[in-house]
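Per the numbering used here, the sequence shown runs over residues 493 to 871.
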Amino acid sequence: MKTKAASKTADGLAPFAMRANASRGRRHSEKEHPIKSCFQRDRDRILYSTAFRRLQYKTQVFVNHEGDHFRTRLTHTLETCQISRTLARALALNEDLAEAIALGHDLGHGPFGHAGEWALKEVMRDHGSFEHNVQCLRIVELLEESYPEFRGLNLSFETLEGLKKHPERFYQDRTSRFRTLEADLVDLADEIAYCSHDLDDGLRAGLILQEQLSGVQLWNEARARMDAGSRDLAPGTYRSGVLRAMLNLMVMDLIENSRARIEQAGLDSLRDLQKTSRKLLVFSAGMARSQLELKKFLMQNLYQHYRVVRMTDKGQRFLKALFNAYLQKPKLLPPETARRGQEEGLHRAICDYIAGMTDRFAVQEYKRLFEPHEIFGSV
Ligand code: MG
């Protein structure tokens, strides 16, 4: 069946894809690059940012020093980006925009994964709270300081909208946001990426055993895709094969089901897309059920595993202790952060400072401030 998702226009994109030449532009206007589109430039700016490089020492599930082969926030981001590009290309959407949003989607995470988020939420309860999506926007609009002409990265309007990433809020109030399917697909690529790689890491760490997965539909379906002969493979190779099949099942289901939904919706332009609040990129009902089952399994058996809780709880305590130490004595802060505290309030400045830390830096800083024998090195 020929679908509108597959019926591309002359530039190779679907009629409802976001085009670079239709962008609403940047807050501070800039001359166009002679070769690169605005979204390619956004992608580059995110990639070269300090916040992006810090992702390599930030926790996904396993704290960085637990092992060299576990995902970090950086490799999670790259996997999300890769899946986003596959989805964008298959659905004839703008791959550059999807790539930019995917590379930026987790910039706002603090150290120690979700534990870091809870800790910052708690200390900021009466001071505007903390939320990693909001923090991501603070980083790209305010905190990155690499360009003399403006603060932040001066990203295109559509990339910023994509980074807001609040689909559930959006569907309730669709006037609040400019909609692109490129942003919608990154949310789903994010889910596909973490469901499969968190399971991989959990199995690799021995926190989950393959036998526990015998009741999980998606795992069983993926196993059935492996050849009968491949059961003789080395355990690591077999596990990788099943996980690859699982990821592929999710991606293909999403592409095929979304193509049908888009076709039904009869969209002819990006303007048509703004008029509908229907979810257009969706898994089939069966896959949605299977994915929910897998997420519940991960919640019970991995994210709440006592060894993970011990790691992340320690991180939470570090961060709260650091926060309170800075709050009681702002002179402990680097001068730039202290100055920001006078402009934006001390709580927000400390929160920005801690959210920007990698796991590694937070641990070192804790030692510098609290351990009597630690040399007080430069920060
Ligand atoms: Mg993510």
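C-beta atoms are modelled at their ideal positions from N, C-alpha and C, and glycine is treated no differently.
Since the model is a prediction, treat every value here as computed from it, not as a measurement.
Ligand 1 heavy atoms versus the CB of residue 795: any closer than 7 Å? no
For ligand 1, any of its heavy atoms closer than 7 Å to the Cβ of residue 572? yes
By Cβ distance below 6 Å, which residues in the same chain neighbour residue 855 in space, the five residues on each side in sequence not counted? none
Within a Cβ cutoff of 7 Å, which residues of the same chain sit near residue 519, ignoring the five residues on either side of it in sequence? 646
Drop a sphere of 10 angstroms on the beta-carbon of residue 760, count the other beta-carbons inside from all chains shown, and report buried for 16 or more, exposed for fewer. exposed
Of the residues 778, 839 and 712, which one's Cα is nearest the Cα of residue 619? 839
Nearest residue (CA-CA) to residue 803, options 558, 534 and 814: 558
Using 8 Å for Cβ pairs, my map puts residue 700 next to residue 707. What's the rounded Cβ distance? Not quite, the Cβ-Cβ distance comes to about 13 Å (not below 8 Å), so this is no contact.
If we count Cβ pairs, one from each stretch, closer than 8 Å, do we get three or more for the stretch 530-547 versus the stretch 635-649? yes
Taking the CB atoms as reference points, tell me whether residue 565 and residue 574 lie closer together than 8 Å. no
Straight-line CA distance for residue 508 to residue 656? 20 Å
Taking only three categories from DSSP, how would you classify residue 648? strand
Terminal residues of the alpha helix (DSSP H) in which residue 540 lies: Note, residue 540: premise wrong, no alpha helix (DSSP H); not H, not E.
Can you name, in chain order, every residue of its own chain whose Cβ lies under 6 Å from the Cβ of residue 596, other than the five neighbours on each side? 538 and 655
In chain order, what residues of the same chain lie with their CB nearer than 7 Å to the CB of residue 633, ignoring the 5 residues before and after it? 644
For the alpha helix (DSSP H) that residue 747 lies in, which residues bound it at each end? 727-757
Out of curiosity, what's the CA-to-CA distance linking residue 628 and residue 724? 45 Å
Apart from the five residues just before and just after residue 690, which ones in its own chain have a Cβ nearer than 7 Å to its Cβ? 553, 790 and 794
If you reduce the DSSP assignment to three classes, tell me which class residue 831 lands in. helix
Per DSSP, the bridge partner or partners of residue 518: 648
Could you give the DSSP three-state label for residue 564: helix, strand or coil? strand
Per-residue burial, residue 598 [other beta carbons within 10 Å of its own, 16 or more giving buried]: buried
Am I right that residue 779 and residue 684 are in contact with their C-beta atoms under 8 Å? What's the rounded C-beta distance? With 8 Å as the limit, residue 779 and residue 684 do not qualify as a contact, their Cβ atoms being about 10 Å apart.
For residue 551, write down the residues that DSSP places opposite it in a beta bridge. 564
In whole angstroms, what is the alpha-carbon distance linking residue 591 and residue 578? 10 Å
Cβ-heavy atom distance, residue 568 to ligand 1, below 7 Å: yes
Are residue 762 and residue 677 closer than 8 Å when you measure CB to CB? no
Quick check on residue 804: does DSSP put it in helix, strand or coil? helix
Local conformation of residue 621 per DSSP, three classes: coil
Ignoring anything shorter than 3 residues or poking outside the stretch 651-717, list the beta strand (DSSP E) runs there in chain order. none
Quick one: residues in its chain with C-beta nearer than 8 Å to the C-beta of residue 785, no 5 flanking neighbours on either side, listed in chain order? 708, 709 and 710
Quick check: the stretch 603-618 against the stretch 811-830, are there 3 or more CB pairs under 8 Å? yes
Buried or exposed by the 16-neighbour rule on C-beta atoms within 10 Å, applied to residue 521: exposed
The alpha helix (DSSP H) with residue 779 in it runs from where to where? 777-790
Would you decide whether residue 808 is buried or exposed? Buried here means 16 or more other CB atoms lie within 10 Å of its CB. buried
For ligand 1, any of its heavy atoms closer than 7 Å to the Cβ of residue 606? no
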